[in-house]
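Asks: As they're listed, the protein sequences go chains A and B. Numbering-wise (the UniProt record's numbering), the first sequence opens with residue 1 and increments by one. Numbering-wise (the UniProt record's numbering), the second sequence opens with residue 1 and increments by one. Here it is, the structure, as structure tokens.
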Amino acid sequence: MGAIVVVPLLFLGVFFVWPVGALIRRAFDVSDGAGLGALLARTDAWGLLGFTLAQAAGSTVVALLVAAPIVWLVAVAAPRWSTALMVLVTVPFVLPTVVVGMAFRALLGRGGPLAGLGWDGSVWSILAAHAFLNVAVIVRVVGSVWRTMDPRAEQAARTLGATPWRAFRTVVLPRLAAPVLASSALVFLFCASSFGVVLILGNGRWQTLETAIYTQAIGYFDIPAAVALSMVQIVLVVIVVGAARVLTPRTEAVAARSAVPTPLAGLRAVGAAGATVWAVVLLVGPLAVVALRSVRPTSGGSVTDLDSWTLSGYRSLTESVNGETPLQTLQYSAISALWATVLAMTVGLLGALALARSRGAVATVGAGLALLPLGVSAVTVGFGYLVVLASLPAEVAAWPGVVPAVQALIAAPIVIRIIAPALAAVPTSLRHAAASLGASPWRVWRTVDLPLIWRSLGVATAFAFIIALGEFGATGFVARPGTTTLPVLIGSALNRPGADSLATAMACSMLLIAATAVVVVIMESLRGVEGSEF
Amino acid sequence: MQRWGRQQRGQRWGRDAVTIALGAVLVASLASACGSSDTSGEVTLLTHDSFALPDSVIADFEKQSGLTLKIAKSGDAGQLASTISLTPGRPKADAVYGIDNTFASRPVSANALEAYRSPALTGGAQEYSLTGAAKDQLTPVDRGDVCINVDTAWFAQRNIPAPTSVNDLTDPRYKGETVVMDPATSSPGMGFLLATIAQFPADWQNYWRAMRTNDVSVEAGWDTGYNQQFSGGEGKGPKPIVVSYASSPAANPATKALLDSCFRQVEYVGVLRGAANTEGAKKLVDFMLGEQVQQALPDSMYVYPVRDNTPLPESWAKNAPLPESTVELSAASIAKNRESWQQQWRTIMGR
């Protein structure tokens, strides 16, 4: 029991509290006596907070609306289709935000297929991109709960004369409240701290706490101001996590049972067809833009002009940049992500165990602590690492594990989110029975818990891996020689003129999409139809 | 019964897959952990994400110096400057390349660099040196000039004369046709703001008010501005006038740079104070000024070499001539006013 609590706390302390604390201390050393209040006033912190909250709330609502038909489809479709949908919604979640930003500009900007909406440069484009990125969270969480819900209650209501709508409203909807709230809180957190999307689509006109932290730290090198804003963001995260915890009804700890999907007929079949078209257009559209651009970087002119089509982007995947090809870069990214996965799984599993065994206020504080790294600015974490690493002996600072540790820090909260509910669903009576028959705690865990949660472990492993693969905000600050990751490569190719560079960036994005899709397919085949909270 | 059996098999298969996956993780981890950690005979260069040199040039450096060159990338030029300024004396590399004159004062005043006067700083390169105390802390390597680019083909098609100077951009004839970048988030955006400040020292705010009246669009970054909004870029966007570099027409020959008021951005290399391999870092500084690197710069990083008489690629000689004169501001003046200029600009542009 000791190690279960100590290891995650130690990890959080060493890899999060220490660097962030060191940066805060340094900020006050150099702030020339300017108090927190003065710093916040100078940076218009309250205005920034207002916009951050408003756009995150708006993005969450849009994501819920966009996700609703897909959630329903996941709940009613045959297992094969529901698995395909899960793969489809999960790929956008891990796309580099620069690529998502570019894709949405291409869709919404003048000359784009959706230019008529007039959303380019408006808040709507930010909300749309956030919804696209985060649909996965809602579909995965709500869809899988709905899918595995015991259909007998709803059938009983129908037998007693309730209309389908009434049965849905009184029986199904209340049970979806908890997963809807839980996933909304997560989406809200992701949107409140998103950087690339707001930067590219908000075009500098719209600023959130996160982009303002970047401007203060990188644009002006005003660390005290950046840290002051970062502290507002930390408080925001704590409040959101706490509120979500208080508002979310406790999930019934029942072992999930697989529903046998009823065949779709009549109106439901029409609805399913509509929802399918909705999902495909919405999720495949932006990906198709990236795919098209990778073989045809020039978007104007005649499509029949054969010269505008090229495979140079894909050829460049094997061409060396600074002694490394994009494929080798993917290889490094994968190895680093594997390490990060091992770390995140270790810490996350122990953290989830500790959370499962705690109650009341301790559990709330623990859940908050577990999610905190998700909501803190990459600049703050990155600068904190620089300050701490510089104070350590060179041998420690040069430890190759630093990059994976940073990635693990971002991935571990998600791991906990996936494993904790699975652990909570393990019937306590089974554990008691095993223990009373003389099994040691380890043996109880191995024979009772593990067989019931191993699928969730598989899902968590895959998620940790793809999050680590796509992370680059914090990784960029602790980069060491030979640690170019694929998102970095995409960014640098986008910053060079010429068709070939654009094609290279888009081809590298396709490489990342493909790698992600492979991992998600493996994860979904492991998960089967069993429910999970992610 | 049948169903239960199938599920059992599925579960076993799944469990095997997890075991295999975890095994693979372990093997890959061990394999990657076996890399050497011997740091003698190595020199580490910290640079921005856009850094690129041909393999042959890097191989030659390693052969000449007997050192292995390690490259670490740390974001854009601004992030790079902040990164090394945050930890003076305790750097994570030996040398830094990619600090430019708009950020130079940051690491210099943070005392993050060690003075080194390279014997290779000859042949015109010395003209680009910083002044004052910073003179020997950073050694110039290349220059890139931020200039307005116009899509000459777009104007020719419409029989409209293309603008020929930055003054023209406020002409109602070119209303709504210009794309600039936000100086807070884009280094060419900052370069162009500085160009206008240097060009119209007393009147730059009025220039921008006129630009705003003339419906200028502002983008957060060069990549979206040039690749998506500019009609001469690969996105074939709607706007024929954009902030970019004097060298950009080399990649897109149907476009032209206005050479009347370019802001000169110089990129420097420096030895980091407290470096583990100071001698190696100095060798790297010398090498960056050598013929090979200088000649490779245009193709690899889209910048001009600082050394005179370095042959340029053919398309550069033809489409991307260097501006004869550029506007300049001292690094000290930029450092002092950067934030207030940006704030004033934001106010004028209503952002």
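Cβ atoms here follow ideal geometry from the backbone N, Cα and C, with glycine treated the same way. This one's a predicted model, so the numbers in the text were calculated from it and none came from an experiment.
At which residue ranges does the segment 249 to 323 of chain B contain complete alpha helix (DSSP H) runs of 4 or more residues, listed in the order of the chain?
Replies: Runs of the alpha helix (DSSP H) inside the segment 249 to 323 of chain B: 278 to 288, 291 to 301 and 314 to 319.
Asks: Fully enclosed by the segment 33 to 101 of chain B, which beta strand (DSSP E) runs are 3 residues long or longer?
Replies: List check, beta strand (DSSP E) in window: 42 to 47, 68 to 73 and 95 to 100.
Asks: Can you pull out the residues from the segment 486 to 508 of chain A whose beta carbon lies closer than 7 Å to at least one beta carbon of chain B?
Replies: The residues in question are Val488, Gly491, Ser492, Leu494, Asn495, Arg496, Pro497, Gly498, Ala499 and Leu502.
Asks: Would a check of beta-carbon distances place Asn322(A) closer than 8 Å to chain B?
Replies: Judged by the 8 Å Cβ criterion, Asn322(A) is in contact with chain B.
Asks: Compare the beta carbon distance of Val240(A) and Leu317(A) with 8 Å and say whether it is the shorter of the two.
Replies: Not a contact, by the Cβ cut-off of 8 Å.
Asks: Check whether the Cβ atoms of Trp289(B) and Val141(B) lie closer than 8 Å to each other.
Replies: With the sequence shown as reference, residue 289(B) is identified as Leu, and Trp is not the correct amino acid for it. Yes.
Asks: What is the DSSP secondary structure of Pro497(A), counted as helix, strand or coil?
Replies: Note: Pro497(A) maps to coil in three-state DSSP.
Asks: Spatial neighbours of Ala3(A) within its chain, please: CB distance less than 8 Å, with the 5 preceding and 5 following residues excluded, ordered by chain position.
Replies: Leu350, listed in sequence order.
Asks: Near Gly41(B), what residues of its chain come up, given a Cβ to Cβ distance below 8 Å and the 5 sequence neighbours on each side ignored?
Replies: Around Gly41(B): Gly66, Leu67 and Thr68.
Asks: Determine the closest residue to Pro404(A) out of Tyr332(A), Val238(A), Leu127(A) and Leu247(A), with distance taken between C-alpha atoms.
Replies: Nearest option by C-alpha distance: Tyr332(A).
Asks: State the Cα-Cα distance for the pair Arg158(B) and Val388(A), rounded to the nearest angstrom.
Replies: Cα to Cα, the separation comes out at about 59 Å.
Asks: Taking 8 Å as the threshold (C-beta atoms), are Val108(B) and Leu258(B) in contact?
Replies: No, the Cβ-Cβ distance between Leu258(B) and Val108(B) is not below 8 Å.
Asks: Measure from the C-beta of Gly124(B) to each C-beta in chain E and report whether the shortest distance is under 8 Å.
Replies: Absent from the structure: chain E. Protein chains present are A and B.
Asks: Nearest to Leu46(B) by alpha carbon, out of Lys70(B), Phe61(B), Ser56(B) and Val57(B)?
Replies: Among Lys70(B), Phe61(B), Ser56(B) and Val57(B), the Cα nearest to that of Leu46(B) is on Lys70(B).
Asks: Count the other CB atoms within 10 Å of the CB of Thr329(A); is the residue buried (16 or more) or exposed (fewer)?
Replies: Thr329(A) comes out buried.
Asks: Ordered along the chain, which non-local residues of its own chain (more than five positions away) have a Cβ less than 8 Å from that of Arg212(B)?
Replies: Answer for Arg212(B): Ile348, Met349 and Gly350, listed in chain order.
Asks: For a contact meaning CB atoms closer than 8 Å, what does Leu53(B) contact in chain A?
Replies: Within chain A, the residues near Leu53(B) are Asn322.
Asks: I'd like to know if Leu194(B) contacts chain A, where contact means its C-beta is closer than 8 Å to some C-beta of that chain.
Replies: No, Leu194(B) lies away from the interface with chain A (no Cβ there is under 8 Å from its Cβ).
Asks: Within its chain, find whatever has a CB closer than 6 Å to the CB of Ala210(B); leave out the 5 residues flanking it on each side and keep chain order.
Replies: These residues qualify, in order along the chain: Thr170.
Asks: Below 7 Å between beta carbons is the criterion; list the residues of the segment 55 to 82 of chain B that meet it against any residue of chain A, in chain order.
Replies: Taking 7 Å as the Cβ-Cβ cut-off against chain A, the residues of the segment 55 to 82 of chain B that qualify are Asp55, Ile58, Lys70, Ile71, Ala72, Lys73, Ser74, Gly75, Gly78, Gln79 and Ser82.
Asks: Closer than 7 Å, Cβ to any Cβ of chain A: which residues of the segment 286 to 317 of chain B, in chain order?
Replies: Cβ contacts with chain A: Tyr302.
Asks: Please report how far the alpha carbon of Val66(A) lies from the alpha carbon of Ala131(A), in whole angstroms.
Replies: So the alpha carbons of these two residues sit roughly 7 Å apart.
Asks: What is the rounded straight-line gap between the Cα of Ala156(B) and the Cα of Met190(B)?
Replies: Ala156(B) and Met190(B): Cα-Cα distance of roughly 30 Å.
Asks: Can you give me the Cβ contacts of Ala220(B) inside the same chain, cut-off strictly under 6 Å, excluding the 5 residues immediately before and after it?
Replies: Asp182 and Thr185, listed in sequence order.
Asks: Can you list the alpha helix (DSSP H) stretches of 4 or more residues lying completely in the segment 19 to 90 of chain A, in chain order?
Replies: You should have 36 to 42 and 45 to 76.
Asks: Taking only the alpha-carbon atoms, compute the straight-line gap between Thr326(B) and Ser261(B) and give it to the nearest angstrom.
Replies: If I take the Cα positions, the gap works out to 6 Å.
Asks: Any Cβ of chain B within less than 8 Å of the Cβ of Leu330(A)?
Replies: No, Leu330(A) lies away from the interface with chain B (no Cβ there is under 8 Å from its Cβ).
Asks: Just confirm the distance between the C-beta atoms of Trp339(A) and Gly401(A), as a whole number of angstroms; I'd bet it's less than 8 Å.
Replies: Right, the Cβ-Cβ distance comes to about 7 Å (below 8 Å), so this counts as a contact.
Asks: Can you give me the start and stop residues for the beta strand (DSSP E) that Asn149(B) sits inside?
Replies: Note, Asn149(B): beta strand (DSSP E), Thr139 to Asp151.
Asks: Taking the continuous alpha helix (DSSP H) assigned at Val241(A), which residues delimit it?
Replies: From DSSP, the alpha helix (DSSP H) with Val241(A) extends over Ile223 to Leu247.
Asks: My output table needs one value for Ser316(A): the three-state DSSP class, helix, strand or coil.
Replies: It is helical.
Asks: Does the distance from the C-beta atom of Leu323(B) to that of Pro313(B) stay below 8 Å?
Replies: First, the amino acid is wrong: residue 323(B) is Pro here, not Leu. No, they are not a contact pair.
Asks: Should Cys34(B) be labelled buried (16 or more other beta-carbon atoms within 10 Å of its own) or exposed?
Replies: Its pLDDT being 40, under 50, Cys34(B) is placed unreliably in this model, and the coordinates cannot settle the point.
Asks: Hey, quick one: how far does the beta strand (DSSP E) through Met181(B) stretch, first residue to last?
Replies: Segment Thr178 to Met181, the beta strand (DSSP E) holding Met181(B).
Asks: Going by the CB atoms, is the gap between Gly384(A) and Val20(A) shorter than 8 Å?
Replies: A contact, by the Cβ cut-off of 8 Å.
Asks: Cutting at 8 Å between CB atoms, please list the residues of its own chain near Leu494(A), excluding the five before and the five after it.
Replies: So the list reads Val98, Met102, Ser501, Leu502 and Ala505, once near-sequence residues are dropped.
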